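Presented below is the structure to which this report refers.
2 protein chains.
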Amino acid sequence: MVTSALERALAPFPLESVPASHARRFLEPGPVVLLTTRHAGNENVMALGWHQVLEFSPSLVSCVVSRSSRSFEMLRASGECVLNVPGSDMLDAVVGVGNCSGEDVDKFARFGLEREDALEVDAPALPQCHALIECRVSDDRAVERYNLFILEVRHIRARVTPRPPEYVHYVGDGEFMLSGKRVSRKRLFRPEMLGF
Amino acid sequence: MVTSALERALAPFPLESVPASHARRFLEPGPVVLLTTRHAGNENVMALGWHQVLEFSPSLVSCVVSRSSRSFEMLRASGECVLNVPGSDMLDAVVGVGNCSGEDVDKFARFGLEREDALEVDAPALPQCHALIECRVSDDRAVERYNLFILEVRHIRARVTPRPPEYVHYVGDGEFMLSGKRVSRKRLFRPEMLGF
Chain G
1 MVTSALERAL APFPLESVPA SHARRFLEPG PVVLLTTRHA GNENVMALGW HQVLEFSPSL
61 VSCVVSRSSR SFEMLRASGE CVLNVPGSDM LDAVVGVGNC SGEDVDKFAR FGLEREDALE
121 VDAPALPQCH ALIECRVSDD RAVERYNLFI LEVRHIRARV TPRPPEYVHY VGDGEFMLSG
181 KRVSRKRLFR PEMLGF
Chain B
1 MVTSALERAL APFPLESVPA SHARRFLEPG PVVLLTTRHA GNENVMALGW HQVLEFSPSL
61 VSCVVSRSSR SFEMLRASGE CVLNVPGSDM LDAVVGVGNC SGEDVDKFAR FGLEREDALE
121 VDAPALPQCH ALIECRVSDD RAVERYNLFI LEVRHIRARV TPRPPEYVHY VGDGEFMLSG
181 KRVSRKRLFR PEMLGF
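Residue numbers (this note's numbering), protein chains in the order written: chain G, 1 to 196; chain B, 1 to 196.
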């Protein structure tokens, strides 16, 4: 069940498609993401902070998925997922998801996570989040050694206007930092370094 | 040249050694880092936002280093580097470093970056930063394809007390977000999920 307060807060900021090459806008600042998967009639969600951008075009990102998680086997089997970037209004759901297993509980229901079909991959997306980054596994050669999946971004939808989001960043030991002030230094950039 | 204001601000917060397995404390929140290298009598520094944590023990992190940078060849040749995590008081130096090449200018001098020898690797470290993460390349198999270096953390020094740092996070297009409020959710964590 969605809290109606969250629904009301999000209504004025619709999800819009964003070029796949812009994944850095949402991932490079380092937020915790909620990784969603679907396989063989099951859906799951996990919290994940070990990810990075690899390339603009093709749009590639990587992430480590713990081998002990159900999501590991589901991602391996389906080859598809969504990296959903929650805002700070979802902090307690993020913590809840990160501290239980899909084997024991329906995490979507328990933490009030709405889901809908992703547009280009066979996985659920979480439309309460700030950005929904749909991905396909493009290289699994580092999975055996590091649990490291290399993903190609297929589609991004995000709430880009009007205000910048406040993300959730994990620092370990049960503590988070929230995104703070935005500052521009465009004037100090070489023109070819601007853009996303 | 160090600004005396920065020197005075840092003086009460000495660098302390921290277990190498705690790299997530400094990298998982997603700050821009300054990567420093030394090779064949040259030293260089670059700004880098594409990194992630891979493993606690051995302590592994990965990062993408642009192939067009001098640092790419220096890291490849030396196999060692330091990931220096600057605080927001160094934002303009970070931007400056990210917008010029070591072929044209001595970036250390131009942006007032003090340097000293790292403790366990042959590279300069930047003691004005909040954390100095000394690394050795442990796996270069993904370098050809993705410019992705897998690094083993050999030593960490950081200013851990008394206040949490404010990092710099890049969101693209010349804009940054600074780290904001710290919030604890320890009470919602399973005990085995706590610690760093």
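Even glycine gets a Cβ: it sits at the ideal position worked out from N, Cα and C. Being a predicted model, the structure only gives us computed values, none of them experimental.
Contacting residues, own chain, Cβ-Cβ under 6 Å from residue i (five flanking each side not counted)
{"i": "G/Val-32", "result": "Ala-47, Gly-49, Val-94, Val-168 and Tyr-170"}
{"i": "B/Pro-118", "result": "Before going on, a small fix: residue 118 of chain B reads as Ala here, not Pro. Around B/Ala-118: Val-82, Ala-125 and Glu-134."}
{"i": "B/Leu-91", "result": "Val-168"}
{"i": "B/Phe-56", "result": "Ser-21"}
{"i": "B/Glu-120", "result": "Glu-134, Arg-154 and His-155"}
Distance between beta carbons of residue j and residue i, contact taken as under 8 Å
{"i": "B/Leu-148", "j": "B/Asn-84", "result": "So it is not a contact: roughly 20 Å between Cβ atoms."}
{"i": "B/Gln-128", "j": "B/Glu-114", "result": "6 Å"}
CA-to-CA distance, residue j to residue i, given in whole angstroms
{"i": "G/Cys-81", "j": "B/Val-61", "result": "23 Å"}
{"i": "B/Glu-144", "j": "G/Met-74", "result": "29 Å"}
{"i": "G/Val-45", "j": "G/Leu-188", "result": "40 Å"}
{"i": "B/Ala-109", "j": "B/Val-97", "result": "11 Å"}
{"i": "B/Lys-107", "j": "G/Thr-36", "result": "43 Å"}
{"i": "G/Asp-193", "j": "G/Val-105", "result": "According to the sequence shown, residue 193 of chain G is Met rather than Asp. Computed Cα separation, rounded: 46 Å."}
{"i": "B/Arg-67", "j": "G/Glu-43", "result": "39 Å"}
{"i": "G/Asp-139", "j": "B/Asp-89", "result": "39 Å"}
{"i": "B/Phe-13", "j": "B/Asn-99", "result": "29 Å"}
{"i": "G/Tyr-146", "j": "G/Pro-191", "result": "37 Å"}
{"i": "B/Lys-181", "j": "G/Lys-181", "result": "10 Å"}
{"i": "B/Ile-150", "j": "G/Ile-150", "result": "14 Å"}
Residue i and residue j closer than 8 Å at C-beta
{"i": "G/Arg-185", "j": "B/Phe-176", "result": "yes"}
{"i": "G/Pro-124", "j": "G/Arg-38", "result": "yes"}
{"i": "G/Leu-132", "j": "G/Arg-154", "result": "no"}
{"i": "B/Val-183", "j": "B/Val-18", "result": "no"}
{"i": "G/Ser-71", "j": "G/Val-65", "result": "yes"}
{"i": "B/Asp-53", "j": "B/Arg-24", "result": "It should be noted that the sequence gives Val, not Asp, for residue 53 of chain B. Cβ distance < 8 Å, so B/Val-53 and B/Arg-24 count as in contact."}
{"i": "G/Asp-173", "j": "B/Gly-174", "result": "no"}
{"i": "G/Leu-27", "j": "G/His-51", "result": "yes"}
{"i": "B/Gly-87", "j": "B/Arg-136", "result": "no"}
{"i": "B/Ala-40", "j": "G/Ala-142", "result": "no"}
Neighbourhood of residue i by C-beta, 7 Å cutoff - its chain only, sequence neighbours within 5 removed
{"i": "B/Ser-69", "result": "Met-46"}
{"i": "G/Ser-59", "result": "Ala-20, Ser-21, Ala-23, Glu-152 and Val-153"}
{"i": "B/His-130", "result": "Val-85, Pro-86, Gly-87, Ala-158, Arg-159 and Pro-165"}
{"i": "B/Asp-122", "result": "Arg-38, Ser-78 and Glu-80"}
Close-in-space but distant-in-sequence residues of the same chain around residue i (CB under 8 Å, 5 per side omitted)
{"i": "G/Pro-29", "result": "Tyr-167, His-169 and Ser-179"}
{"i": "G/Glu-103", "result": "Arg-70"}
{"i": "B/Val-2", "result": "Residue confidence for B/Val-2 is low, a pLDDT of 48 falling below 50, so the modelled location carries little weight; the figure read from the coordinates is stated next. Correct list, in chain order: Gly-112, Glu-114 and Gln-128."}
{"i": "B/Ser-101", "result": "Ser-69 and Arg-70"}
Residues of the segment 142 to 159 of chain G whose Cβ lies closer than 7 Å to any Cβ of chain B, in chain order: Per Cβ criterion, the list reads Ala-142, Tyr-146 and Leu-148.
- request: Output, in sequence order along the chain, the residues in the segment 46 to 71 of chain B whose CB is closer than 9 Å to any CB in chain G.
  value: So the list reads Gly-49, Trp-50, His-51, Gln-52, Val-53, Leu-54, Glu-55, Leu-60, Ser-62, Cys-63 and Val-64, given in the order they occur along the chain.
task: Using a Cβ-Cβ cut-off of less than 7 Å, list which residues of the segment 177 to 190 of chain B approach chain G; keep chain order.
output: Within the segment 177 to 190 of chain B, Met-177, Leu-178, Ser-179, Gly-180, Lys-181, Arg-182, Val-183, Ser-184, Arg-185, Lys-186, Leu-188, Phe-189 and Arg-190 place their CB atoms closer than 7 Å to a CB of chain G, listed in sequence order.
Chain G contacts made by the segment 98 to 114 of chain B, where a contact means CB separation under 9 Å: From the segment 98 to 114 of chain B, only Gly-98, Asn-99 and Cys-100 have a Cβ closer than 9 Å to chain G.
task: Taking only beta carbons into account, state which residues of the segment 14 to 31 of chain B come closer than 9 Å to chain G, listed in chain order.
output: Here the close residues are His-22, Arg-24, Arg-25, Phe-26, Leu-27, Glu-28, Pro-29, Gly-30 and Pro-31.
query: In the segment 73 to 100 of chain B, which residues sit with their C-beta less than 9 Å from some C-beta in chain G, listed in chain order?
result: Answer set for the segment 73 to 100 of chain B: Ser-88, Leu-91, Asp-92, Val-94, Val-95, Gly-96, Gly-98, Asn-99 and Cys-100.
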